[in-house]
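Peer 1: Take this structure first; my questions come after.
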Amino acid sequence: MARGRKKHRHFRRHGPPGSAPGSIHVAPDAKTPTISTFSFDNVRAVEQTVHRVGDLRGIMDKWPVTWINVDGLGDAAVLSELASLFHIHPLAMEDVVHTHQRPKVEQYNGQLFVVMRMFQCHERLETEQVSIFLGKNYVLTFQENLPGDSFEPVRERLRSHGPLTSQTSDYLAYRLLDAIIDGYFPVLETYGEQIDVLEDEVLECPQKQTLSRIHDIKKDLLEIRRAIWPAREAVNQLARDPILLISDNTRVFLRDCYDHTVQLIDLLETYRDLSSDLRDLYLSSAGNRLNEIMKVLTIISTVFIPLTFVAGVYGMNFNTGASPYNMPELNWRFGYVGFWVAMLVIFAAELGFFWRKGWIGASLRKRFSAAPKNPNP
Amino acid sequence: MARGRKKHRHFRRHGPPGSAPGSIHVAPDAKTPTISTFSFDNVRAVEQTVHRVGDLRGIMDKWPVTWINVDGLGDAAVLSELASLFHIHPLAMEDVVHTHQRPKVEQYNGQLFVVMRMFQCHERLETEQVSIFLGKNYVLTFQENLPGDSFEPVRERLRSHGPLTSQTSDYLAYRLLDAIIDGYFPVLETYGEQIDVLEDEVLECPQKQTLSRIHDIKKDLLEIRRAIWPAREAVNQLARDPILLISDNTRVFLRDCYDHTVQLIDLLETYRDLSSDLRDLYLSSAGNRLNEIMKVLTIISTVFIPLTFVAGVYGMNFNTGASPYNMPELNWRFGYVGFWVAMLVIFAAELGFFWRKGWIGASLRKRFSAAPKNPNP
Amino acid sequence: MARGRKKHRHFRRHGPPGSAPGSIHVAPDAKTPTISTFSFDNVRAVEQTVHRVGDLRGIMDKWPVTWINVDGLGDAAVLSELASLFHIHPLAMEDVVHTHQRPKVEQYNGQLFVVMRMFQCHERLETEQVSIFLGKNYVLTFQENLPGDSFEPVRERLRSHGPLTSQTSDYLAYRLLDAIIDGYFPVLETYGEQIDVLEDEVLECPQKQTLSRIHDIKKDLLEIRRAIWPAREAVNQLARDPILLISDNTRVFLRDCYDHTVQLIDLLETYRDLSSDLRDLYLSSAGNRLNEIMKVLTIISTVFIPLTFVAGVYGMNFNTGASPYNMPELNWRFGYVGFWVAMLVIFAAELGFFWRKGWIGASLRKRFSAAPKNPNP
Amino acid sequence: MARGRKKHRHFRRHGPPGSAPGSIHVAPDAKTPTISTFSFDNVRAVEQTVHRVGDLRGIMDKWPVTWINVDGLGDAAVLSELASLFHIHPLAMEDVVHTHQRPKVEQYNGQLFVVMRMFQCHERLETEQVSIFLGKNYVLTFQENLPGDSFEPVRERLRSHGPLTSQTSDYLAYRLLDAIIDGYFPVLETYGEQIDVLEDEVLECPQKQTLSRIHDIKKDLLEIRRAIWPAREAVNQLARDPILLISDNTRVFLRDCYDHTVQLIDLLETYRDLSSDLRDLYLSSAGNRLNEIMKVLTIISTVFIPLTFVAGVYGMNFNTGASPYNMPELNWRFGYVGFWVAMLVIFAAELGFFWRKGWIGASLRKRFSAAPKNPNP
Amino acid sequence: MARGRKKHRHFRRHGPPGSAPGSIHVAPDAKTPTISTFSFDNVRAVEQTVHRVGDLRGIMDKWPVTWINVDGLGDAAVLSELASLFHIHPLAMEDVVHTHQRPKVEQYNGQLFVVMRMFQCHERLETEQVSIFLGKNYVLTFQENLPGDSFEPVRERLRSHGPLTSQTSDYLAYRLLDAIIDGYFPVLETYGEQIDVLEDEVLECPQKQTLSRIHDIKKDLLEIRRAIWPAREAVNQLARDPILLISDNTRVFLRDCYDHTVQLIDLLETYRDLSSDLRDLYLSSAGNRLNEIMKVLTIISTVFIPLTFVAGVYGMNFNTGASPYNMPELNWRFGYVGFWVAMLVIFAAELGFFWRKGWIGASLRKRFSAAPKNPNP
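What follows is the structure in structure tokens.
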């Protein structure tokens, strides 16, 4: 199950244990960084792709707000240049490249550092870390390897409608955070739909793979949970803590964003509950099937075993000539007919027994007793 | 199972992820809004249906308290007009139309914004969001699509008995909140009754559908829970927080309303516990049935298998003529009679074995041992 | 199962949803009220039965402390008279008649209002609400329909030993509360004993009804729990909060009473744990029985099925005359004897197989291996 | 199961419900009290047995610190004398004789009252309440019926090494508390060992009694838990609360003692987790055994049932003379030999089917696939 | 299971219960101590092995920071000398030798005492206690018996790169703590990999040992949990509490270290969840196998039992000569052929029944219904 193994790797440290704190260890499979910027004042918004880190200073000086997005963490030199350009604390830079961080907010001398996770769910759940640095006139974001991201709607907005309502870096950072948080909803809904489908499957025709699919959903939800809970805490900190970089106007929006994280958690925990219930339901369903199988076996065995015994009795070779007590039935005129009559009597008695036990005729029985009961008013 | 799928939709965002905050996205299946008002002073109460939003200002200016109820969220223009008339904050308006909010209380410059959920349970659980805006001389409520609501008793009261005891907007808002909260009781009781009925069914004749019905109850209770817990928090905030719009007199009533939410949660959690117990009970019951089926199978197989073997033995064709050791029983005078005697002895021995195991004769056994035990004093 | 249905009714609202707050809705099945008083100064205590509410004022004026007990809530007029005589707040009066309240403490202008629940356990658990009003010189208690109550020991004390140690209304109220709380102990102990009995039954001879009895105990404990947890909170409030009506002397006793509620909760949660364990134990026991049944079936089937096959082989009618290869055994001198020898060999081999599997001879096996193991030192 | 019944009795109130608070109700089976004292100054320690309560004052006046131990609570007169000598509050005295208290700390006018529980585990868990009163120059301890106690090491220390390091009553009380807490470790370890033994048993040869032994361990741990958790709280209160009687020097040691209670809880919860896991493991093990039994039954039945059918076919009496289509096989030269060949072919096919299902040959199969897998690196 | 027994021993007290607090009881199997030091100023770092405790003072006086590592706790004399040299509080020293402590931080007159646990996982989980004393110019660490430790990366760093960035004892202590915490990651990842492997095993071919391996993983994770949770608390205390010995510069790093403990807990709890899920999955898998076994048994029994009965009927010896009603089929021309045709008809009917039940042909059935369903989009 290559899947499970891959997934766990996301949580592992890349640096060897005991390495000096604050060092930049580039993961061997990391993507080469691409740097793109969006700058805007209250009139227009400009998108640029930057090839040398040195060019950034020029852009940032010209505009009141610049968003620098770094896609890929595969070049230690570029990362170092960025770190020194933006005065990034070594421990923060370490967290950027060790992409196993829990979502969090930290402050390093006048810079706000936010870690979040983005999820995508094509075929299977994939996740990447997003690191956001918020300064006076810039927002710097780092992403991992995955193609595509949750920022696309913000880019679209900037491209088609020009500058945002508020031309401050904190509002821009809020928009990016909001885009990440909003990106969780479609991912979670995928699981909601899968749970619905599996529920039908469990109740109608449970299969062997159903179980491992439920297990996979539970594992994925567990992983999403590990990202959302600390994300809520982080957004809450941004909205409530006295942080200089964040204006009161933006705080109102961050509180709205916090509300969304609470809704997400609500939804997530509901899905987790439902998927646990589903596993129990599957087990109960399997138990029901076992019961039914056993019932069929028992009915057929119980019907035929006595009949077979009787047939066996009349297959015995007692010498009817040696004594009148030796199986005189064999020579009776209606012996064989009597045998079948006895068989039918036994058969009917057994059916009666099963009917009384409620093992057969359930559908017939139900039709008669449904009227007076009416259990689901 | 269209049901499950439908239900989840209530929790989904309508707007596409990343859309600008504060925008009004009308859901395609939303009902056209109908606006009705109740106004009253200390003498009389008047009910009116309003067709243009512009007419509202006139009504509100004439009366000390006006309740404006908007039923249906399907017209963005009407909603915008209302928003500008009542100075509703864009984020609050967004919450009104994205009807997936958790119950909450928020304050926007001198206006109180309360979100609640209403439930109805005909055939299956249905829910709609209610948004309440409380201003100095008005209460503005928005409802979704469902026909009927929990406000009917308040309307009846106003129609038949005239103005409320206290002619303030906060008391009116309390009455509406109280009506919503009181509306939960009959819904929960429906589940209480269903649990009682299912309990009997589980203990007496568990069926295959029982399980999925228990599962549905658990899912519904989970959904109600997601509405009641935050509702309790919201009512508590209204009763305890220093909110200018709410007078001390109304607070006493809100505390009573808070008590009701606590009772609801109590009841809800009890029902959730009971429905979980019910699932376990069902499983145990199914286990019991399996045990009983197996017992019947085992008894009948065990009784007849040895007998059949013996009958098989005397069906063998060893040549009695070739040797005196070859099945001389076949020629004995009482061979066949002896066979039946042996059968009866084996049969009796087996019955004795089952009796000792406690598999048969339980009812007989119980009658004898019941007297001295008396386990349920 | 009339029982379950009845029980839930205790938690239901009597008034229709949306009725005006503070109104008195008498339940149709409520008992006609009987009013009795106990009055005492530091010399003697006097018991009186009062037929008109108006007589109460005279009694209360004469004595420093009076306890008025109202048994039955079936007459709205009497209740209204009492409410106006004792200046009871409408919301409090509403709580008195809607006997589904959780235990709580509330203060209404110089009057303390305490709600508690009493339990009785004859045949099945019954509960009634007790409402206690504490004023400067009186304690007013309301009870529901049940015959008998937990106050009897206090009455006995007053009748036989005269006035209480302290002649204040708060001490009297403490004594009544303490009597209610103490009344929980024998009820809980009944369940402790039932659990002990069921434990034996589960381990020795689990029956079908055992399960539903465990279920009933769990349900009852759940109901008691809903009364005790808030009762603890209420008593704690009385003991710690700065309430003018309660003297420091009485507080010491209330703290003791609080300790009792903590013990009760301890006991209750232990019983709940034990009853959950018991259900698991029952399931395991049932699993064990199934295992045993299957073992018997397997042993007997496995022993006889091969034997029957062999007997079947020698019952075949191959023409021994047509070929020397056709079942020559049938004509051997010791064919039949050889058949039985083969049977015995197969039988022994199978027994050996079962012995090695550990399915038979467990008691023998244990005796040999018990000495060196000694697992329970 | 006398055991369960006995155990619960420990938690029951001795006094009848509703009896006056502060009264001394001696339990009928309580031991006659024996009073012994240890007194010491900074030079020597003296042990004395006291027969009259009156003698205590003389001893206490002579020494800076005296430890009075009362073993047995069976004489109300002696207890009353002690209560008046040491000015014990009636509610405290009531708690001493009603030996169902939870561990707690209370202060009554300049006297500290501590309740603890001691456990012993010979054959089965036994518990007794220890009540400790700490005054300026004395420590007074009350014990219940059990022979032996956790104080023995302290006595040994005093007998052999003379006075304690610090000759204050609070340090002495700490030593006694520490002795009680330390006494829990060997008791808990007994359960640790039992769990180890049972774990082996469950994995190797689960028996019917295993289950009830696990159940007993869980019950005992539940009972110990009810003593340790409040004990931790009590010791914490002693170490942190501003209590005049306890010096800062002793507080350092009490904090150490508190650490021990935290370790105990850690250990206890671990054992509880392990015993729950053990029950699950037992159930799984039982499930495995059922699977294995069913496999054997299925294999043997499935192998022989078709063979028996074929043998039955050739036991039919169709008249071979009446028609050439009637069982001509019976007259073939190699009919019987062919029958056996067919049997072997069917037999081999069935074995192949089971091999493919993985029901047989598991050990063989494993040996081949073990090399490449290496699942536990 | 020597393993379980060994593991529990780690949690046991070495000293007899009731022994005087602060005494040094050397465990009989403890390793003889080896003392090594690392000293450094801002220029170079020197490693030394010390044979006499007395030599330490000379080294410490020469260097600004010295790390003294004591490996082994087997010599009471050496420990006493160290205790008096470093002025270690007796209670702290007791905790050093009783190596069953929970991780914690304590302050004793100007000295910081930290207890941590180190884990190694070769073959099975092993743990040892590390005690760290932090003074002005030294860090003193004590380790237990295990060969190798988590400090090796720090030693390597000092040997190859010379003095640390900051030449203070608190920074050194942080580096050691960080090394311990980082050492948990590879240990936990081992379990992550084992869980992945077991997951495949459970879903593909569950074996009897799978269960006990899952159980072992759960037990190990429980043990690691007991170390990490209090470790988090301890590191948090170091990072947040106002401790004089720790500079603000080091606190920044300790907060980073705290973040790592939070990640560890996250990872640990995820693994614990996964291993619990795995056990449930195993049980479900086992249930599935039982279902499949029963299905095979039922199908084969049900197919052949009626056929065998019919064959038995025609093996009966009714005298065809005595009456025309006695089994005339036996003499029919196509009797035998008719018999086989009947057999085939019964056989086909039974297959049809099983197909309708969904017991056979699942793979065929799936291929047809797969297209429209598409459950995992």
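Protein chains in written order, with this note's numbering: chain A, 1458 to 1834; chain B, 1458 to 1834; chain C, 1458 to 1834; chain D, 1458 to 1834; chain E, 1458 to 1834. Glycine is no exception: its CB is placed at the ideal position from the N, C-alpha and C atoms.
Chain B partners of A:Val1719, CB-CB under 7 Å?
Peer 2: Arg1559
Peer 1: In chain order, which continuous runs of the alpha helix (DSSP H) of length 4 or greater are located wholly inside the region 1591-1648 of chain A?
Peer 2: The region 1591-1648 of chain A contains these whole alpha helix (DSSP H) runs: 1609-1618.
Peer 1: Using 8 Å as the cut-off, can you tell me whether the region 1628-1644 of chain E makes contact with the region 1654-1670 of chain E, which would need three or more C-beta pairs spanning the two stretches below that distance?
Peer 2: no
Peer 1: Of all Cβ atoms in chain E, is any one closer than 8 Å to the Cβ of A:Tyr1631?
Peer 2: no
Peer 1: Over the uninterrupted beta strand (DSSP E) stretch that includes A:Tyr1565, give me the two end residues.
Peer 2: 1561-1565
Peer 1: Buried or exposed for B:Thr1727, please, with buried defined as at least 16 other CB atoms from any protein chain shown within 10 angstroms of its CB.
Peer 2: buried
Peer 1: Taking 8 Å as the threshold (C-beta atoms), are A:Gln1564 and A:Phe1590 in contact?
Peer 2: Not closer than 8 Å, so no.
Peer 1: Would you verify that the beta carbon of E:Leu1539 is, or is not, closer than 8 Å to some beta carbon of chain A?
Peer 2: no
Peer 1: Are at least three pairs of beta-carbons, each pair with one atom in the region 1667-1674 of chain C and one in the region 1697-1712 of chain C, less than 8 Å apart?
Peer 2: no
Peer 1: Quick check on A:Lys1676 - is its C-beta less than 8 Å from some C-beta in chain E?
Peer 2: yes
Peer 1: How many angstroms separate the CA atom of D:Phe1497 from the CA atom of C:Asp1606?
Peer 2: 54 Å
Peer 1: Quick one: any contact between the region 1783-1803 of chain C and the region 1769-1783 of chain B, if contact means 3 or more CB pairs under 8 Å?
Peer 2: yes
Peer 1: Does the beta-carbon distance from E:Asn1762 to A:Ile1757 come in below 8 Å?
Peer 2: The identity of residue 1762 of chain E in the sequence shown is Ile, whereas the question assumes Asn. Taking 8 Å as the Cβ cut-off, E:Ile1762 and A:Ile1757 qualify as a contacting pair.
Peer 1: Is it buried or exposed, B:Pro1485, if we count other Cβ atoms within 10 angstroms and call 16 or more buried?
Peer 2: exposed
Peer 1: Any Cβ of chain B within less than 8 Å of the Cβ of A:Met1800?
Peer 2: no
Peer 1: Quick one: residues in its chain with C-beta nearer than 7 Å to the C-beta of D:Asn1693, no 5 flanking neighbours on either side, listed in chain order?
Peer 2: Tyr1715
Peer 1: Could you tell me the alpha carbon to alpha carbon distance between B:Asn1748 and E:Leu1808, rounded to whole angstroms?
Peer 2: 27 Å
Peer 1: Measure the alpha-carbon distance for E:Val1571 versus E:Ile1525 and round it to whole angstroms.
Peer 2: 15 Å
Peer 1: Answer with buried or exposed for B:His1465, where buried requires no fewer than 16 other C-beta atoms within 10 angstroms of its C-beta.
Peer 2: Any reading at B:His1465 must be qualified, since the residue scores a pLDDT of 40, below 50, and its modelled position is unreliable; no value is offered.
Peer 1: Mind checking the region 1542-1572 of chain D against chain E and listing, in chain order, the residues whose C-beta falls within less than 8 Å of any C-beta there?
Peer 2: For the region 1542-1572 of chain D, the set of residues with a beta-carbon nearer than 8 Å to any beta-carbon of chain E is empty.
Peer 1: Buried or exposed, going by whether 16 or more other CB atoms sit within 10 Å of the CB of C:Thr1625?
Peer 2: buried
Peer 1: Excluding the 5 residues flanking C:Glu1835 on each side, which residues of the same chain have their C-beta closer than 8 Å to its C-beta?
Peer 2: The displayed coordinates of chain C run from 1458 to 1834. Any statement about residue 1835 of chain C would go beyond what the structure contains.
Peer 1: If we define contact as Cβ-Cβ less than 8 Å, is A:Tyr1771 a contact residue for chain E?
Peer 2: yes
Peer 1: Within the 8 Å Cβ cut-off, does E:Met1517 reach chain A?
Peer 2: Not one chain A Cβ lies under 8 Å of E:Met1517.
Peer 1: Under the rule that 16 or more other beta-carbon atoms within 10 Å means buried, what is E:Gly1815, buried or exposed?
Peer 2: exposed
Peer 1: By alpha-carbon positions, which one of D:Met1573, D:Ile1803, D:Ser1780, D:Asp1653 ends up nearest to D:Asp1635?
Peer 2: D:Met1573
Peer 1: Quick check: is the beta carbon of C:Phe1590 nearer than 8 Å to any beta carbon in chain B?
Peer 2: no
Peer 1: In this structure, how does DSSP classify E:Ile1685 when only helix, strand and coil are distinguished?
Peer 2: DSSP places E:Ile1685 in helix when its eight states are reduced to three.
Peer 1: Would the beta-carbon of B:Leu1764 fall within 8 Å of that of A:Phe1766?
Peer 2: The answer is yes: Cβ separation under 8 Å.
Peer 1: If you check the beta carbons only, do A:Glu1585 and A:Glu1609 fall under 8 Å apart?
Peer 2: no
Peer 1: Step through the CB atoms of chain D and report whether any lies within less than 8 Å of the CB of C:Gly1815.
Peer 2: yes
Peer 1: For E:Gly1744, go through chain A and note every residue whose CB falls closer than 8 Å to its CB, in chain order.
Peer 2: Leu1740, Ala1743, Gly1744, Leu1747
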